[in-house]
Each structure stands twice: as C-alpha cells, then as structure tokens.
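Residue numbering for the sequence shown follows my numbering, beginning at -7 and increasing consecutively.
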Amino acid sequence: MMSEMEVWLHGFAFPGRVAELARRAGEGGFTGLLVAGSQNLTADIWVELALAAAATTRLRLGPGVTNPVTRDVAVSACAAATLQVESDGRATLGFAQGDSALSQIGRDRLSVAEFERQLQILQAFLRGEDVQLPNGTSSSIHWLHGSTHP
C-alpha cells in the first residue's frame, strides 16, 4: 500500500510576501508551508502565518522552527493553538533548541535535557493541562480547557 507523499515548502517571514507565497504553494499542490522564525532576521512568524492561513484553505502551516528561549513555551503554545483554530486544523509546530534566533542575541542553544523539559511543558500546554513551571507557578492556557480542537 502506497501512502501519499507530502511536499512542504520552507520560506522566510518577509512582510507582504508570505500570504502570496502560501497562496501559490497551495495552488501548486504543496502540502504545507513552514516559515523560519528568527526575530532579528525576519518578521514575526505568527503574524505572517495568520495571514497565510487567511489566504489559503487547505495548506498546512507552521513555524520552521521556533524555540523556547526567544519565545516562552506558553507563548508558542498559545500562538500555535490560535493558528490551529483560525486555520481550521491546519497548524503544525516546528520546535527546536535554537540556532540563528539565539545567535542573533548572543545566546547558546539549549542543552538536549533542557530542550526535552521545555518540549514536555509545551505539549502539556497544548493539551490544555495545568502545568507546573520550574519556578513553582501553576499555569495553563485557560481558553484551551475543554477545547475540542486537536
């Protein structure tokens, strides 16, 4: 049994260009569009991804990638969940240790252990769970409680 192949495009968040790139990618048969997230090199990925979602109807969309240093995991979880709802379930979330986004602000990549810890927190936020943060604070994305969105 053959499965359908997915073909994704990776782009950069330049204002005035991402929505058109998404529209053309969708018309061209691409499965999805990932937009690079590096705050000093490109525009805000979540704004551009929202515009891309509004310009398309089936293209899957997400950051390629974001990290837990320049964007707290609660912020990334809320943004990804918002994109998921506003795009009718077409969001994806690329999440990594950090590279160009961190080098632009003089920070090092996270250790694998710290990245894994941040990934677990991110996943809990996305499931709408109450999260115990390292500083002892209990936190959640309240509007996700009881959500039926995947």
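Don't be surprised by glycine CBs; every beta carbon is placed ideally from N, CA and C.
Could you check the C-alpha separation between ASN127 and ALA105 for me, to the nearest Å?
Along the sequence shown, read from residue 1 onward, the residue named residue 127 stands at position 135. Along the sequence shown, read from residue 1 onward, the residue named residue 105 stands at position 113. If I take the Cα positions, the gap works out to 17 Å.
- request: Could you give the DSSP three-state label for VAL123: helix, strand or coil?
  value: Working through the sequence shown from its first residue, we reach residue 123 at position 131. In this structure, VAL123 counts as strand in the three-state DSSP scheme.
Verify whether the separation of the beta carbon atoms of GLY3 and LEU25 is less than 8 Å.
Taking the first residue of the sequence shown as position 1, residue 3 is located at position 11. Taking the first residue of the sequence shown as position 1, residue 25 is located at position 33. Yes, the Cβ-Cβ distance between GLY3 and LEU25 is below 8 Å.
Do you know offhand how far ALA72's Cα is from ALA116's? Numbered from 1 along the sequence shown, position 80 holds the residue referred to as residue 72. Numbered from 1 along the sequence shown, position 124 holds the residue referred to as residue 116. Roughly 13 Å separates the two Cα atoms.
**Asked** Where does ASN109 sit, in a helix, a strand or coil, going by DSSP?
**Response** Position 117 of the sequence shown, counting from 1, holds the residue named residue 109. Before going further, note that residue 109 is Arg rather than Asn in the sequence given. Residue state, collapsed to three classes: helix.
For my contact list, VAL67 and LEU102 are in at a C-beta cut-off of 8 Å; report their separation, rounded to the angstrom.
Residue 67 sits at position 75 when you count from the first residue of the sequence shown. Residue 102 sits at position 110 when you count from the first residue of the sequence shown. Not a contact, Cβ separation roughly 16 Å.
- prompt: Can you tell me whether DSSP reads VAL57 as helix, strand or coil?
  reply: Walking along the sequence shown from the start, residue 57 turns up at place 65. Note: VAL57 maps to coil in three-state DSSP.
Whole-angstrom distance between GLN110 and GLU12, CA atom to CA atom: Taking the first residue of the sequence shown as position 1, residue 12 is located at position 20. Taking the first residue of the sequence shown as position 1, residue 110 is located at position 118. Spanning the two alpha carbons is a distance of roughly 33 Å.
Can you round the beta-carbon distance between GLU59 and GLY20 to whole angstroms, since I take them to be within the 8 Å contact cut? Translated into the one-based positions of the sequence shown, residue 59 becomes position 67. Translated into the one-based positions of the sequence shown, residue 20 becomes position 28. The question names Glu, but residue 59 is Asn in the sequence shown. With 8 Å as the limit, ASN59 and GLY20 do not qualify as a contact, their Cβ atoms being about 29 Å apart.
| query | Whose C-alpha, out of ARG50, THR140, GLN96, THR74, is nearest the C-alpha of THR34? | reply | By 1-based counting over the sequence shown, the position of residue 34 is 42. For THR34, the nearest C-alpha among the options comes from GLN96.
Using DSSP with H/G/I as helix, E/B as strand and the rest coil, what is SER132?
Locating residue 132 in the sequence shown gives position 140, counting from the first residue. In this structure, SER132 counts as coil in the three-state DSSP scheme.
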